[in-house]
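Scroll down for the structure; my scribbles are underneath it.
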Amino acid sequence: MTKFIIRRFLGIFPTLFIIVSISFFLIRAAPGGPFDTEKAIPAEVLVNIEAKFHMDEPLVVQYGRYMYDILRGDLGPSFRYPDHDVNYFIANSFPISIQLGTISIVLALILGISTGIISALRQNTWIDYSTMGIAIIGISIPTFVVGPILMYFLAMKLHWLPTSGWITGRHGYVTLIMPVITLSLPFYAYFARISRASIIEVLRSDYIRTARAKGLSGPVIIIKHVLKGAMLPVVSFLGPALAGILTGSVVIEKIFRIPGLGKFFVQSAFNRDYTIIMGTVIVYAVMLVVLNFIVDIVYSFLDPRIAYK
Amino acid sequence: MTAAIENQNKNEFDQAVKGSSLNKDAWRRLKKNKMAIIGLYIVIIYAFIAVAAPILPIYSYKKIILDHQHLPPTFTKTAGELMYEKVKTRMLIIAKKRGRTELNEREQKKLEGLRHKIKTEVKTIDGEIVKLHERIYYLGTDYHGRDMLARIIYGGQISIAIGLIGAIVALIIGITVGAIAGYVGGAVDNFIMRFVDIMYSLPYLLLVIIFMAMFGQNILNLFFAIALVSWLTVARIVRGQIISLKNSEFVEAARSIGASNRRIIFKHMVPNTIGIIIIFGSLEIPAFIMYEAFLSFLGLGISAPYASWGSLVGDAVEGMADFSWRLFFPAIIMTIFLFSMNFLGDGLRDAFDPQSKNKL
């Protein structure tokens, strides 16, 4: 098991290296640069600016310098907003995205699994049909449709909730409600469907029949035996779900005007602000890779066969 | 194997046995699934409308008519009547603010002029002389006075095309790579599958966002960016299928009579994975439509004058409090299609794979 964890841990680094490298060269290969503005900058000035950001060096040297810098934890200065460096922007916006993402995934997991259990135990009743109906709605409607429609009814017509903003504003925690519902709905739906299907399968297995035959009570069987066996597919969907929450938050932050990392990401890609895009990609990638690592470890504890394959 | 049974045509009780292929069985199971069949019909209707768009009696989707800006949906009133009402209410509001209950002479005259314009004005669109203000916009108009119905239909054309082409490209690349990896095995398989693993762990939608923002928003880039990463799942699954088929008797038989590797892979093994391929094809189409809509919503996909469902929804968010029809119609129409595709895909999966190992 330890060997598996170590091997899996070492696998993180090449993945990160590849992501960072691909993004670096993809960004540099694109037409246009960070200093293309409406107003033409005089050539001498441009030379000076480029020298300041080391843009005059060969690409490989820039790449080496960048890699060295990020290893020291320095994401460099912003090209467009010279007053602050990228670390500053990320330190300000990342916690917001983290809060939004964590609340959403936890909510989706808890509600999704509970729904799954209920509809698996009441299979083919109206409870089952209605919850699975809601689940398929959640999967089919894209977040960028759910978000504006919620906003239209709850905020603009009924005035129950503020249209946008973040908890630090004057509305406090109510600003969380719509973004969290929108972001977690599809993942809630997937978790509900997956856990329902796998619980039904486990309920039919021999060891559950044995547990029943021993005379264990219903709740004990469900909690101690069924859930443990049925959680495998749920855990293996956690990885893709986390990636989805991450990209989903880009849209959510745009709809509800949340000052998180996603907002910077799209904007800076348009601005060709190389260092900010790179910084954002690195933060996203580290988060994704580390979380996937944790998911794999949890999975290998639930199903030890994985580690020995 | 089934061929042998079919050839005998009699069972042990000497009754005629009609052979039933895997695909026929699947079709029979699919027909029993009501939701899937409803989904299939809806998808066919959508496809028909999308294909027939140029000959349908709808208005131009790109002609800008500023007079018709933001007209609400209606079944009875012509654009001219709505325009007239809009101008008149605006005048009355202004008059009220200034403490008058009646319109003054200048305003009356203006309205008279507008009435005349509505009655007489004609424009040539696509070589036809059109009495513009007699149009009826069933689904309203957008910011540039373009017909929402036409934009949704043409937007659907683009969305569905992207879904289809994306899925086809993904299937072609995925099947080829997966089949080669599975059949050849060894170092080639190892190399290809490591590559797929690495690609899998990339936050690729983020890379797609960078790619689209930096290389410009056109349809070609969009296809390229999406197709680049979409074949991974197909490759994995086809590889698994091929490996399990590799040692079967019919492949051995083909090899023994000297069939080439290429022939064995593409004539004997790939057709046997057709069920899985259909399932994934049908599930990839809505996924692509979602990706495209996602990018268009962020302003990174289709750009004006073209539209897709995603870009229509994205454009509508601004100002949706006053012009809600711009948000609701494309959103509902897209959702119905995604719904139907998902039901159809689920149905196909249950039909081709009754044990449903790939259930999600």
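Going down the list, the sequences are from chains A and B.
If you're matching positions, the first sequence starts at 409 in the working numbering and goes up one per residue.
If you're matching positions, the second sequence starts at 15 in the working numbering and goes up one per residue.
Cβ atoms here follow ideal geometry from the backbone N, Cα and C, with glycine treated the same way.
Neighbourhood of residue i by C-beta distance below 7 Å, restricted to the same chain and skipping five residues each side
i: Arg165(B); result: Tyr75, Asp156, Ala321, Leu326
i: Val265(B); result: Leu259, Ile278, His282, Met283
i: Leu569(A); result: Leu562, Ala563, Val582, Ile585, Met586
i: Thr533(A); result: none
i: Gln231(B); result: Leu314, Gly315, Ser317
i: Thr423(A); result: Val697
i: Ala638(A); result: Ser603, Ser606, Ile607, Val610
i: Thr590(A); result: Thr551, Val554, Gly555, Leu558, Ile660
i: Ile653(A); result: Gly509, Ser512, Ile513, Leu591, Phe595
Beta-bridge pairing of residue i - partner residues as DSSP gives them
i: Glu465(A); result: The partner list for Glu465(A) (beta bridge, DSSP) is empty, contrary to what the question assumes.
i: Ile547(A); result: Beta-bridge pairing links Ile547(A) to no other residue.
i: Asp161(B); result: Thr155(B)
i: Pro712(A); result: Per DSSP, none; premise fails for Pro712(A).
i: Asp493(A); result: Pro485(A)
i: Ile139(B); result: Glu142(B)
Classification of residue i by the beta-carbon crowding that lies within 10 angstroms, buried from 16 upward
i: Asp704(A); result: buried
i: Leu119(B); result: Per the sequence presented here, residue 119(B) reads as Glu, with Leu not at that position. Glu119(B) is exposed by the Cβ-count criterion.
i: Tyr615(A); result: exposed
i: Ile69(B); result: exposed
i: Thr115(B); result: exposed
i: Asn204(B); result: exposed
i: Phe342(B); result: buried
i: Asn456(A); result: exposed
i: Ala18(B); result: Any reading at Ala18(B) must be qualified, since the residue scores a pLDDT of 49, below 50, and its modelled position is unreliable; no value is offered.
i: Leu566(A); result: exposed
i: Ser708(A); result: buried
i: Arg340(B); result: buried
i: Met334(B); result: buried
i: Ser527(A); result: buried
i: Gln122(B); result: exposed
i: Asp161(B); result: buried
i: Pro439(A); result: exposed
i: Ile547(A); result: buried
i: Lys671(A); result: buried
i: Gly272(B); result: exposed
i: Tyr305(B); result: buried
Own chain residues within Cβ distance below 6 Å of residue i, not counting five before or after
i: Gly53(B); result: Ser354, Phe357, Leu358
i: Ile139(B); result: Ser74, Lys77
i: Ala295(B); result: At residue 295(B) the sequence reads Gly, which differs from the Ala that was named. Same-chain partners within the cutoff: Ala181, Leu185.
i: Ala365(B); result: Ala40, Arg43, Leu44
i: Asn700(A); result: Gly647
i: Ile347(B); result: Ile166
i: Gly520(A); result: Tyr596, Phe599, Ala600
i: Ile79(B); result: Gly159
i: Gly361(B); result: Leu44, Asn47, Ala50
i: Leu650(A); result: Leu699
i: Trp323(B); result: Gly169, Ser173, Ala307, Pro344, Met348
i: Gly656(A); result: Thr551, Leu591
i: Ala437(A); result: none
8 Å Cβ shell around residue i - same chain, five flanking residues per side excluded
i: Phe502(A); result: Gly668, Leu669, Val691
i: Ala380(B); result: Limits of chain B in this structure are 15 at one end and 374 at the other, which puts residue 380(B) out of reach.
i: Pro712(A); result: Met409
i: Ile685(A); result: Ser431, Ile435, Phe673, Ser676, Ala677
i: Leu483(A); result: Asp477, Asp493, Val494, Asn495, Ile498, Thr683, Met686, Gly687, Ile690
Cβ of residue i within 7 Å of any chain D Cβ
i: Ala499(A); result: Judged by its chain identifiers, the structure shown contains no chain D, and its protein chains are A and B.
Mind checking the stretch 543 to 574 of chain A against chain B and listing, in chain order, the residues whose C-beta falls within less than 7 Å of any C-beta there? So the close ones are Ile544, Ile547, Ser548, Ile549, Pro550, Phe552, Val553, Pro556, Ile557, Tyr560, Met564.
How do the stretch 415 to 430 of chain A and the stretch 678 to 692 of chain A stand: do at least 3 beta-carbon pairs fall below 8 Å, yes or no? yes
If you pair each beta-carbon of the stretch 501 to 521 of chain A with each one of the stretch 659 to 667 of chain A, do three or more pairs fall below 8 Å? yes
Using a Cβ distance threshold of 8 Å, determine whether the stretch 251 to 268 of chain B contacts the stretch 232 to 239 of chain B, with at least three qualifying pairs required. No, the stretch 251 to 268 of chain B is not in contact with the stretch 232 to 239 of chain B.
Anything in the stretch 663 to 680 of chain A with a Cβ closer than 8 Å to a Cβ of chain B? List those residues in chain order, please. Hits within the stretch, in order: Ile663, Phe673, Val674, Ala677, Phe678, Arg680.
Against chain A: residues of the stretch 223 to 239 of chain B by CB proximity under 9 Å: Ile223, Ile224, Phe225, Met226, Ala227, Met228, Phe229, Gly230
At least 3 beta-carbon pairs within less than 8 Å: the stretch 540 to 549 of chain A vs the stretch 590 to 608 of chain A: Yes: at least three Cβ pairs fall under 8 Å.
May I ask you to list, following chain order, the residues of the stretch 632 to 660 of chain A that have a beta carbon less than 8 Å from some beta carbon of chain B? For the stretch 632 to 660 of chain A, the residues whose beta carbon sits under 8 Å from a beta carbon of chain B are, in order, Phe645, Ala651, Leu654, Thr655, Val658, Val659.
Could you tell me whether the stretch 469 to 483 of chain A touches the stretch 629 to 641 of chain A, using the rule of 3 or more Cβ pairs below 8 Å? no
Examine the Cβ distances between the stretch 131 to 149 of chain B and the stretch 59 to 66 of chain B and report whether three or more of them are shorter than 8 Å. no
Under 8 Å (Cβ pairs) to chain A, residues found in the stretch 322 to 339 of chain B: Gly324, Val327, Gly328, Ala330, Val331, Met334, Ala335, Ser338
When you check each C-beta in the stretch 301 to 316 of chain B against every C-beta of chain A, which residues fall closer than 7 Å? Here the close residues are Met304, Ala307, Phe308, Phe311, Leu312.
Taking beta-carbon pairs under 8 Å, can you tell me which members of the stretch 581 to 613 of chain A lie near chain B? Tyr598, Arg601, Ile602, Ala605
Output needed in chain order: residues of the stretch 511 to 539 of chain A with a Cβ under 7 Å from some Cβ in chain B. From the stretch 511 to 539 of chain A, no residue has a Cβ closer than 7 Å to chain B.
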